[in-house]
Amino acid sequence: MASISAGFGSREESDQLSVYVAHVTLQDRSGSVIDEPEVPIGRVVAETPRSVEVTSEFAGNSGTHSYPVFVRRSVRRQQ
């Protein structure tokens with residue numbers, strides 16, 4: 495299923511946590527596009543902030559941290 499979603503985790507080249515926006519296109523077995531997000535990848539990249547700042551509180555302690563944001567484009571092919 496084609497989709498645009500968001501999540502967080504570490505990138506392969508770094509242990510630092512980051513936020514990502516995933517842009518997923520679906521192809522059939524021959525490589526023809528059968529489903530893709532309505533928003534083109536270029537617009538997703540243009541509209542995605544480069545970082546987000548998060549303030550969290552736990553057990554009376556709080557902290558603020560900035561995380562980088564990346565756009566991941568992927569193509570999934572049916573088997």
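Per the numbering used here: the sequence shown = residues 495 to 573. We put the beta carbon where it would ideally sit given N, CA and C, even for glycine. All values derive from a computational prediction rather than experimental measurement.
Discussion item. Under 8 Å: do the stretch 521-539 and the stretch 552-564 share three or more Cβ pairs, one atom per stretch?
Written reply: In short, these stretches do not touch, since the Cβ pair count stays below three.
Discussion item. Please state the DSSP three-state secondary structure of VAL548.
Written reply: strand
Worksheet item: Looking at the structure shown, is ALA500 part of a helix, part of a strand, or coil, going by DSSP?
Response: strand
Worksheet item: Based on the DSSP output, what are the partners of GLN521 in its beta bridges?
Response: Looking at the DSSP output, GLN521 sits in a beta bridge with VAL527 and ARG571.
Fill in: VAL452 (DSSP reduced to helix, strand or coil)
An answer regarding residue 452 cannot be provided, because it is not within the stretch 495 to 573 covered by the chain.
Worksheet entry | DSSP-derived helix/strand/coil call for ALA540 | helix
Item to complete: Assuming ALA516 contacts SER499 (C-beta within less than 8 Å), just tell me the rounded distance between them.
Response: 5 Å
Practice prompt. Compare the Cα-Cα distances from VAL536 to each of GLU547, VAL513 and ARG566 and report the closest residue.
Written response: It is Gly, not Val, that sits at residue 536 in the sequence shown. Considering only alpha carbons, the answer is ARG566.
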